[in-house]
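Counting in UniProt numbering, the final residue of the sequence shown is number 240, and the numbers go up one at a time with none missing.
To start, the structure itself, in structure tokens.
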Amino acid sequence: MSLQAVILAAGQGRRLLPLTRDIPKALLPLNGAREVTILEHQVELLEGLGIEEILVVVGHGREKIETLLGHRVSYVVNEDYQRTNSIYSFYLTLERLGQEVLIVNGDVLFPGEVVERLLSSPYEGVLSIDTAAFLDEETMKVALERSRVVDIRKDLPPQEAQGENLGVVLFRGETLEVLKSVVKEMVAKGDVKRWIPAAFKEMLSIRPIYAVDVKGLPWIEIDFPQDLERAQKEIYPLIR
């Protein structure tokens, strides 16, 4: 079975303006000896893990991504990136997916061990979560019963959640087929402005999804300027 990776990198990242006026969020720099971007780091990490097929969903500033990465990856274009969200970006990849896919948000900085823990799980649908994360209204929160996911949404009350979803998930086999079906149904109904975890929540009554805890590993989702500063100064030096 050949593992594919899908990186969802179509968005602009309006909360990071003016930094993202002319470039996509995924091309923000992480500094270092050479100025590595978030997306370059993700691609290098995935290549280093032996993942040969990487699909990058592009939209805002797509020419800059294509110029930077060239033929290292394949591209899927979300022409409607301004009016849609990550669920639609993932929908656009469905016809190109095999039986095992790693789905990565293009604004997350994380070490390879996150992927290794997902791959070592016996389950077909697995989310990486951090049970030590601070939970607020911006957090994609996850509720668990043991290691099984029972709810996932931003508006979940923090006291009902056990951790934060990183945005690095693995689906394979029949569970991946269920995810594809759910995403197709949601898009057919015009439900295109939601994040991909909305589809995970929809399928919980049909097929179980489990969580792998990455508490203690360095990672960050980059949504605001202060996140980028922390990524550059604290997180990237720990994982590069």
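Just so it is clear, CB atoms sit at the ideal spot from N, CA and C, and this is done for glycine as well.
For Ile54, the uninterrupted beta strand (DSSP E) run begins and ends at Glu53 to Val58, by DSSP. With fewer than 16 other beta carbons inside 10 angstroms of its own, Thr67 counts as exposed.
Contact between Pro158 and Lys141 holds: their C-beta atoms lie close to 7 Å from each other, under 8 Å. One Cα belongs to Ser74, the other to Leu144, and the distance between them is close to 35 Å. Cβ-Cβ distances below 8 Å link Arg15 to Asp223 and Phe224 in the same chain, with the five nearest sequence neighbours on each side left out; the list follows chain order. Taking the CA atoms as reference points, Pro18 sits about 14 Å from Gly61. For Ala188, the secondary structure class from DSSP, reduced to helix, strand or coil, is helix. In this structure Gln226 is exposed. Its beta-carbon is surrounded by fewer than 16 other beta-carbon atoms within 10 angstroms.
Beyond the five residues adjoining it in sequence on each side, Val76 comes within less than 6 Å, by CB distance, of Leu55, Val57, Leu92 and Thr93 in the same chain, given in chain order. Cβ neighbours of Glu137 within its own chain (closer than 8 Å, five residues either side excluded): Lys154 and Asp155. Ranking Pro29, Ile87, Leu39 and Lys64 by CA distance to the CA of Glu202 puts Ile87 first. A distance below 8 Å separates the beta carbons of Ile103 and Phe171.
Secondary structure note for Ile65: its alpha helix (DSSP H) is the uninterrupted segment Arg62 to Leu69. Across the set Tyr236, Gly11, Ile51 and Tyr210, the C-alpha of Gly11 shows the shortest separation from the C-alpha of Gly59. If one requires a minimum length of 3 residues, the beta strand (DSSP E) runs lying completely within the stretch 118 to 174 are 125 to 130, 141 to 145, 148 to 153 and 163 to 172, in chain order. Pairing Ile220 with Ile206 gives a Cβ-Cβ distance that is not under 8 Å. Less than 8 Å separates the beta-carbon of Ala199 from that of Val183.
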